Amino acid sequence: MNPTEPDTEFFFEQMAFLGHALGTDRRLKIIDVLSQGERPVDALAHEISTSLANTSQHLRILRQARLVESRKEAQRVYYRLAEGVPDFWLRFRNLAAQRLAEMREMSRSFAEARDTLEPVDLRELLVRVSAGEVVLLDVRPESEYRAGHIPGALSIPLEELQARLAELPEGCEVAAYCRGPYCVMSKQAVELLCQHGFNARRMKEGVLEWQAQGLSLGVVPADSRR
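When the count follows our numbering, it moves up by one through the sequence shown with no breaks and lands on 220 for the last residue.
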């Protein structure tokens, strides 16, 4: 090889390093959770059902691959996805759904569920929400809602829904969403709502899909957060 030419093997080695960082289900789960907003290590450990030590090790690998970034606040370290990673994660997830038979079957079963809304134009949904025809319900943890939510959505985390049903207007249609098409929180929320007589459906789209269509998110200012 001409010594002045770049070593192309280096590029493939670097891409393989990135592939290694994506090579476990726990690290993919971390990316999925962080796609909804930043988290401290202990919260991530709880979300992925792994010890603090193992979670820190996974984060170290993701940070070495420059897939995540961090900041320190007091004694806690918060992690977030690096620029461009949320869009990559959405495309990666969609590719897996297209190529893997098991994921295609899961996608089909979710899409065919009776409690799932028919495909709808998200801008049209916003109009219906603004007109008071639909209540858009965000059932993710409040921290995720504050980090970014579909404009006009009401935040009632799934774990609080039973106790806060009275906050929902009677007789209206409820569209519940969570982290996207493979998240079951909205499905569980709809089951609960229907048991109490609400006309409720789940949205398969979440904030990533919303942003992918060039639509902006609502964010709760930091100085108003509890």
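Backbone N, C-alpha and C fix where the C-beta goes; we use that ideal spot for every residue, glycine too.
Just so it is clear, the structure is predicted and the values come from calculations on it, not from any experiment.
As assigned by DSSP and simplified to three states, the class of residue i
i	result
Pro80	helix
Tyr73	strand
Arg21	helix
Leu33	Reading the sequence as shown, one finds Arg at residue 33 and not Leu. If DSSP states are grouped into helix, strand and coil, Arg33 belongs with the strands.
Gly146	coil
Gly13	helix
Leu162	coil
Leu56	helix
Leu89	helix
Backbone CA spacing between residue i and residue j [nearest angstrom]
i	j	result
Val121	Thr2	51 Å
Cys188	Phe5	53 Å
Leu22	Ala10	16 Å
Pro34	Val71	6 Å
Leu28	Gln58	16 Å
Glu67	Ser103	42 Å
Ile144	Glu154	19 Å
Lys125	Arg117	Note that residue 125 corresponds to Ala in the displayed sequence, not to Lys. Each residue's alpha carbon lies about 13 Å from the other.
Arg20	Trp83	14 Å
Val184	Val123	18 Å
Leu12	Asn48	19 Å
Ala76	Lys181	30 Å
Arg195	Gln8	44 Å
Arg60	Arg140	25 Å
Leu159	His14	45 Å
Asp36	Arg65	14 Å
Residues near residue i in its chain [Cβ-Cβ closer than 7 Å; skip 5 each side]
i	result
Glu164	none
Glu138	Gln30, Gly31
Leu135	In the sequence on display, residue 135 carries Pro and not Leu. Once the five neighbours on either side are set aside, the close Cβ partners of Pro135 are Pro151.
Phe192	Leu162, Val168
Val62	Leu28, Leu53, Leu56, Tyr73, Arg74, Leu75, Ala76
Gln207	Leu116
Own chain residues within Cβ distance below 6 Å of residue i, not counting five before or after
i	result
Met97	Ala90, Ala91
Gly142	Val201, Leu211, Val213
Ile25	Trp83
Beta-bridge partners of residue i, as assigned by DSSP
i	result
Tyr171	Asp132
Ala194	Val168
Lys66	Val71
Ser43	Answer is none; Ser43 lacks a bridge partner.
Gly212	His143
Proximity test, residue i beta-carbon vs the ligand ATP heavy atom, cut-off 8 Å
i	result
Leu89	For the ligand ATP, the structure offers nothing, since it holds no ligand at all.
Residues near residue i in its chain [Cβ-Cβ closer than 8 Å; skip 5 each side]
i	result
Pro80	Ser29, Leu202, Gln205
Ser45	Ala39
Gly146	Leu120, Val123, Ser124, Leu130, Gly212
Practice task
Could you say if the region 161 to 175 and the region 124 to 131 meet the contact criterion of at least three C-beta pairs nearer than 8 Å?
Solution key: yes
Practice task
Answer yes if the region 38 to 57 comes into contact with the region 88 to 96, meaning at least three C-beta pairs across the two stretches below 8 Å, and no otherwise.
Solution key: no
Handout entry: Three or more C-beta pairs below 8 Å linking the region 150 to 161 and the region 201 to 218
Key = no
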